[in-house]
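From first to last, the protein sequence lines stand for chains C and L.
Straight run, no breaks: the first sequence in numbering that gives the first Met the number 0 ends on number 231.
Straight run, no breaks: the second sequence in numbering that gives the first Met the number 0 ends on number 231.
Below you'll find the structure, written out as structure tokens, and then a few comments.
There are 2 protein chains.
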Amino acid sequence: MKDHVHCHHCGLENDYCISLVPIFNHLEKPQMDEVMTLIHSKSYKKGEDIYQSGHTSDALYIVRKGRVKIYRLSESGKEQILRILNPGDFTGELALFNESVHDAYASALSDTDICMIKRNDLQNLLLKYPNISMRILSEFSNRLAQSETQTTRFATERVEMRIALFLVESLDTKSESHVVDLPMSKKDLASFLGTTPETISRKLFEFEDAGLIKQITNKKIEIMDVDGLLLI
Amino acid sequence: MKDHVHCHHCGLENDYCISLVPIFNHLEKPQMDEVMTLIHSKSYKKGEDIYQSGHTSDALYIVRKGRVKIYRLSESGKEQILRILNPGDFTGELALFNESVHDAYASALSDTDICMIKRNDLQNLLLKYPNISMRILSEFSNRLAQSETQTTRFATERVEMRIALFLVESLDTKSESHVVDLPMSKKDLASFLGTTPETISRKLFEFEDAGLIKQITNKKIEIMDVDGLLLI
DNA sequence: CGACGCTTTGACTATACTCAACCCGTGTGG
DNA sequence: CCACACGGGTTGAGTATAGTCAAAGCGTCG
């Protein structure tokens, strides 16, 4: 059923429309149809790799359904998670404009559907519809800002503070609930925050002892005192 | 004299041409002339701020002459240097496509000349000449890759290794000399590498004791054993 | 039910930060 | 031209932070 609800605006099935919003949502139906002819869909099982570092890049990948983790290996071989993609997010763009070789790994955290646009098709689209470029530029600059914020945090904040900031920023600002749903295992979270599972575990219990949070289940944390967390 | 040498390709004074190369060097003379009418020049003395975090952004800044440091303040107020701009590099782009508020500081490390293009003028150029978008996209994706590399290093490498990597990557691949010219004071370098001046000083002497480098002067370091440095 | 992987707990340790003192080079003013 | 002051750089001692390693607990999925 749900699969066949169509979007009023572009006439696409609803989840297609949603996943393409950030880049294409200003296009009208005829142009959208053109874009659709260029899109290839592919599904990945949980745990499957979407691409690997060193592989040739030939497409932009947009997450339609599921969740994807992007990670790198450092010079000394340690894994570090760079970000988690949710439906509507895209990746693969780094290699599209330069090297054409991926510098990171992408793997499906759950069963995932991906929309792909081939490198050449995308470049043609960009030249034809400059507005799309602006969207991607805007998305890039967001990502860059976020990456630089993360860099600065690693360089200047203690682990404790990085965890606290992560929790606070994971709060859904729209809902009134102060419960955070961890988007990944604590092992992965450790990698994302540049620390170890042991340290995460210890710090969370410290926060709990201080009355700042309450660990409801493994993946659910209630934040009792936002301001307190940020003063750590 | 040198100021009046003109570029064969675009007809501009040479240093203008050089500083605009990364973004505009595919344009022919008539288009280049159009771009030139949109460019405003400004000079800054050593130590002067070009922009500050929180200020409204209304331009893209291209370094024509001199050296500029871009830095942020972390949540807890510590300064961290994100990058150093040399002639031809640009900045200010983050705010151009989104927030329109700077999230970092830019200050001149030496007497500096800057070319500026106003936000609106640039956006019009991008819509008119999609190729420029591709250049900026390419530059963005470079920067993003670099920033993510830096993030991964902070998250996974020890200070020693970060210093070693910095030295090796500062080697001018073109010249045969293995002498690195530090582009900033050790105090700033410490901030860039997420450590302290004391630690930098100590590690450099450790490298020297191990025969990996030779400290010629304060700002000149000869690298004796590249591979050894990377095995630390 | 069993096994595997994630998480927790504990004890120990390394890494690198802090603070304080001192050194040095450069630029300024007498 | 010298003296001094200032900022950057170095050195040393002490310590906090967070990582490592090992073992045991827990949950979940086949």
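We put the beta carbon where it would ideally sit given N, CA and C, even for glycine.
Since the structure is predicted, the reported quantities are computational estimates derived from the model, not experimental observations.
Where residue i sits in the DSSP three-state scheme
| i | result |
| --- | --- |
| A107/C | strand |
| Q51/L | coil |
| E92/C | helix |
| I231/L | coil |
| E78/C | strand |
| E221/C | strand |
| K213/L | strand |
| G40/L | With the sequence shown as reference, residue 40/L is identified as Ser, and Gly is not the correct amino acid for it. Correct three-state label for S40/L: strand. |
| L26/C | coil |
| K68/C | strand |
| D286/C | Any property of residue 286/C remains undetermined from this structure, which presents chain C solely from 0 to 231. |
| D226/C | helix |
| D112/L | strand |
Proximal chain L residues relative to residue i, where beta-carbon distance stays under 7 Å
| i | result |
| --- | --- |
| L126/C | P129 |
| S132/C | L125, P129, S132 and L136 |
Interface partners of residue i on chain L, CB under 8 Å
| i | result |
| --- | --- |
| S75/C | T155, E156 and M160 |
| T150/C | Q79, L81, S146, Q149, T150 and F153 |
| I135/C | L136 |
| N97/C | S137, S140, N141 and A144 |
Residue i to residue j span [Cα, whole Å]
| i | j | result |
| --- | --- | --- |
| L228/L | M133/C | 42 Å |
| K1/C | H39/C | Residue confidence is low: K1/C scores 44 on pLDDT, short of 50, so the model does not pin down where it sits. Its coordinate-derived value is still stated next. Going by the C-alpha atoms only, they are around 21 Å apart. |
| A110/L | R66/L | It is Asp, not Ala, that sits at residue 110/L in the sequence shown. Cα to Cα, D110/L sits roughly 8 Å from R66/L. |
| S184/L | T195/L | 12 Å |
| I113/L | F153/C | 31 Å |
| Q79/C | M31/L | 43 Å |
| A189/C | K28/L | 53 Å |
| L121/L | S200/L | 44 Å |
| R161/C | L192/C | 7 Å |
| K173/C | Y70/C | 29 Å |
| E147/C | V100/L | 15 Å |
| L95/C | L84/L | 24 Å |
| A209/C | K202/C | 10 Å |
| S176/C | E205/C | 22 Å |
| L143/L | L93/C | 8 Å |
| K44/L | F139/L | 28 Å |
| Y128/L | N123/C | 13 Å |
| E207/L | S75/C | 22 Å |
| I222/C | E33/C | 46 Å |
| D102/L | R82/L | 14 Å |
| L166/L | N141/L | 20 Å |
| V158/C | S169/L | 29 Å |
Extent of the continuous beta strand (DSSP E) to which residue i belongs
| i | result |
| --- | --- |
| T150/L | From DSSP, T150/L is part of no beta strand (DSSP E) but of the alpha helix (DSSP H) over P129 to T155. |
| A58/C | A58 to K64 |
| D180/C | V178 to D180 |
Closer than 8 Å at the beta carbon, the chain C residues around residue i
| i | result |
| --- | --- |
| G193/L | F153, A154 and T155 |
| D187/L | Ordered by position in chain C, no residue passes the 8 Å Cβ test against D187/L, which lies about 13 Å from the chain. |
The alpha helix (DSSP H) enclosing residue i, as first and last residue numbers
| i | result |
| --- | --- |
| S190/C | K185 to L192 |
| V167/L | V158 to S169 |
| D208/C | P196 to D208 |
Proximal chain C residues relative to residue i, where beta-carbon distance stays under 9 Å
| i | result |
| --- | --- |
| L93/L | S140, N141, L143, A144 and E147 |
| D102/L | A144, E147 and T148 |
| R201/L | Near R201/L there are no residues of chain C at all, since even the closest Cβ is about 18 Å away, more than 9 Å. |
Residue j beta carbon less than 7 Å from that of residue i
| i | j | result |
| --- | --- | --- |
| I231/L | A163/L | yes |
| G87/L | L59/L | no |
| L125/L | I116/L | no |
| L211/C | D226/C | no |
| V179/L | I135/L | no |
| S73/C | T155/L | yes |
| L181/L | K218/L | yes |
| D57/C | S106/C | no |
| S137/C | N119/L | no |
| Y104/C | Q51/C | yes |
| K68/C | L26/C | no |
| I61/L | F89/L | yes |
Chain C residues whose Cβ lies nearer than 7 Å to that of residue i
| i | result |
| --- | --- |
| F89/L | Residues of chain C passing the Cβ test: none, with the nearest at roughly 13 Å. |
9 Å Cβ cut-off: residues of chain L touching residue i
| i | result |
| --- | --- |
| D164/C | Strictly speaking, residue 164/C in this sequence is Leu, with Asp absent from that position. The contacting residues are E74. |
| H118/C | A small fix is needed here, since residue 118/C is Arg in this sequence, not His. Ordered by position in chain L, no residue passes the 9 Å Cβ test against R118/C, which lies about 12 Å from the chain. |
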